[in-house]
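A.B. asks: Got a structure here, written out as C-alpha cells. Questions coming.
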Amino acid sequence: MPLRDSLLSSRAGYTLFRKVVRADRSMRTIVDEYVRPRARQTVLDLGCGTGDLARMLAADVTYIGVDHNPAYLNVDAMATTLGGRHFVNADLAELHSLTLPEVHIAVALGVLHHLPDEVVVRVLSSAAKLLGEEGRLVTIDPVFWPEQAASARIMMAMDRGRFVRQAEHYSMLVSQVFPQATMTIRHDLNAFPYSHCIFEAGGSA
1 MPLRDSLLSS RAGYTLFRKV VRADRSMRTI VDEYVRPRAR QTVLDLGCGT GDLARMLAAD
61 VTYIGVDHNP AYLNVDAMAT TLGGRHFVNA DLAELHSLTL PEVHIAVALG VLHHLPDEVV
121 VRVLSSAAKL LGEEGRLVTI DPVFWPEQAA SARIMMAMDR GRFVRQAEHY SMLVSQVFPQ
181 ATMTIRHDLN AFPYSHCIFE AGGSA
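With full-length UniProt numbering applied, the sequence shown corresponds to residues 1 to 205, in that order.
What follows is the structure, given as C-alpha cells:
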C-alpha cells in the first residue's frame, strides 16, 4: 500500500490531512449551499468517513452515517461524542440490505470517485428508495474538466479514488437514477487548485 494510502486509511492520518487542507471550510460551504438541511429533517451520509458532516449539522437534524472503514468509524465513541448521531459500519454496495428509515436528504461527499460504475448506480438506486417524495440527493466529487488548472489535474491524479471521471461520465451515471439532476462545476472549494462536480436532484434542486 502506498504511504499516502496507508496514512489516510487511519482515522488520525485522515483527520490530520483534513486540517492541513482546511477541509472544514469547504464542508461548511457544501452544507450551507447544497445540503441545506432544515429542522427535523433526516440526513443520510453515504461514505461518512469520520463523521465530519455530522459536526456541521444543527442538533435538531437527524443524522445517519454509513461507512465501510472501521478505522474511521468508531461507532460507539462517535455516537457519544457527536450527541447521539447514528452510525452504521457497512459497505455502501450493500446499502439495499440495511434497515434504514426514510430520509429527506442523501449525500455522497467525495464518494462516487471511489466506486466503479456499476456500484455507483447500485448505491444511487438504493439511496433513491430511501428518499421521501420531496427527498433530495447531493453528491460531490473531483472531476477532470477541460478548463481546470494543470495543477488541479495533477492533484486529482494523485487522489486515492481510482475512478475520478469526466463530468459527462458522472452525469451519465447519476442520470440513470436521477434523470432530472443538475450539475455544477466548482474550482474554489479547496485551499489548493482542485475541481469538483456537484449533482443535486429531487425536491427543490
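Beta carbons: idealized from backbone N, C-alpha and C, even for Gly.
1) Along the beta strand (DSSP E) that carries Met158, what are the first and last residues, could you check?
2) Quick check: the region 131-147 against the region 53-64, are at least 3 beta-carbon pairs closer than 8 Å?
3) Does Ile154 pass the burial test, meaning 16 or more other C-beta atoms within 10 Å, or should it be called exposed?
4) So, with DSSP's three-state summary, where would you put His114?
5) Whose CA, out of Leu92, Phe144, Ala128 and Met156, lies closest to the CA of Ala181?
6) Identify which residue in Tyr194, Gln176, Arg160 and Leu131 has its Cα closest to the Cα of Gln148.
7) Can you round the beta-carbon distance between Leu112 and Val177 to whole angstroms, since I take them to be within the 8 Å contact cut?
8) Can you give me the C-alpha to C-alpha distance between Leu130 and Val121, rounded to a whole angstrom?
9) Out of curiosity, what's the CA-to-CA distance linking Glu94 and Asp188?
10) Taking the continuous beta strand (DSSP E) assigned at Glu168, which residues delimit it?
11) Using three-state DSSP, classify Tyr194 as helix, strand or coil.
12) Hey, Met27 and Leu44 are a contact pair by Cβ (cut 8 Å); roughly how many whole angstroms apart?
13) With DSSP as the reference, label Asp32 as helix, strand or coil.
14) Have a look at Ser175, Met172 and Gly135 and flag the residue whose alpha-carbon is nearest the alpha-carbon of Ala106.
15) What three-state label does DSSP hand Glu102 in the structure shown?
16) Roughly how many angstroms separate the alpha carbons of Arg165 and Cys197, rounded to a whole number?
17) To the nearest angstrom, how far is the alpha carbon of Met172 from that of Ala157?
C.D. replies: This is what the structure holds:
1) That residue, Met158, is in no beta strand (DSSP E); it is neither H nor E in DSSP.
2) no
3) exposed
4) helix
5) Ala128
6) Tyr194
7) Incorrect: roughly 12 Å between the Cβ atoms, too far for contact.
8) 15 Å
9) 33 Å
10) Note, Glu168: premise wrong, no beta strand (DSSP E); alpha helix (DSSP H) at Ala167 to Val177.
11) coil
12) Actually they do not touch by this definition, with Cβ atoms about 16 Å apart.
13) helix
14) Gly135
15) coil
16) 9 Å
17) 21 Å
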